[in-house]
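Note sheet for the following structure.
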Amino acid sequence: MASVATTMAKLAGLKKAIDRTLTDSGSHKVPIRIFSPDDVEAYFVGVANAVEELREALPDLYGDFPDVKEAPECAMTSGSDGQSRPNWYYRRQLERLSRNVDQVIEIRSNSELAAPATAAPRRVFISHGRAKDWYEVQSFIERDLKLATLELAQEPNKGLTVLGKLEEAANQCDSAVIVMTGDDKDESGQLRARENVMHEIGYFQGKYGLARVVVLHEEGVNIPSNIQGLVYIPFPQGFIEAAKAVLMRELNTIYG
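Heads up: the sequence shown is residues 5 to 260, going by our numbering.
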């Protein structure tokens, strides 16, 4: 069975894909009301499987979590050949699925059972995109706050997959600082963070709990709806020094 951290990482990826599908207005520039099973059925199956894995791994948390309804409910008319067509998914079903994922992550993040990793206490995982601001963050944490850090690219691969390497490294830390910079643009030209950064926000929320994840957010970078409730520290582009005082306060709160 997959580890809890792996399952939470998969859920974070599914959540992003679901929300992207819901915000896609298609060629008519209006919200899509029904969705083909070819486009969204995998989301329902993926979330249902993840919930089942969590029920087995953490029954105290998820044993009574409701089943994820996978069946499409929108009946389609028969084709010109008289053959019946498979049902499609209503928009409300996809919206409900998105809320289910939010609830799963919220339970894990806020539970007392979501204890921080203990293999190597007092070590901060540094997550980032392409921008080099993270160098200064790492230096500040190690030099001024006297805390050990870990940055994934600086660690040996040891033949592991990317996800395997992330899991192993995360087990050596007990908090995360995520530097969210505008490295990419969406279809409308809005700056957004790299995919790996968005993935790791959800991953570390599930692994360490909300209180031990600090997000440094570059002003002007789009914040997806699924993490808008997360507390973050803003900083102007190219001036991450502006976030240092608040970052110090947050890490001092975590480590005392």
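We put the beta carbon where it would ideally sit given N, CA and C, even for glycine.
Just so we're clear, the structure is a prediction, and the values are computed from it rather than from any experiment.
Annotation for P63: the continuous alpha helix (DSSP H) segment containing it runs P63 to Y66.
Per DSSP, M202 has no beta-bridge partner at all. Put simply, of R59, D178, Y94 and E204 the residue whose alpha carbon is nearest the alpha carbon of P76 is Y94.
Contact between A21 and G210 is ruled out by a C-beta separation of about 17 Å, above the 8 Å threshold.
In the three-state reduction of the DSSP assignment, S143 falls in the helix class, which pools H, G and I. Annotation: R127 to S179 spans about 7 Å, alpha carbon to alpha carbon. Put simply, the backbone Cα of L65 is about 11 Å away from that of Q107. Distance from I145 to L151 at the Cβ level is roughly 5 Å; contact confirmed, criterion being Cβ atoms closer than 8 Å. In terms of CA proximity to Y259, V218 leads the group V49, V218 and G67. Going by C-alpha positions, F69 is about 11 Å away from V105. Residue pairing of C78 in beta bridges, as defined by DSSP: W92.
Residue pairing by DSSP places P238 opposite H221 in a beta bridge.
With contacts defined as CB atoms closer than 8 Å, A52 and L15 fail to qualify as a contacting pair.
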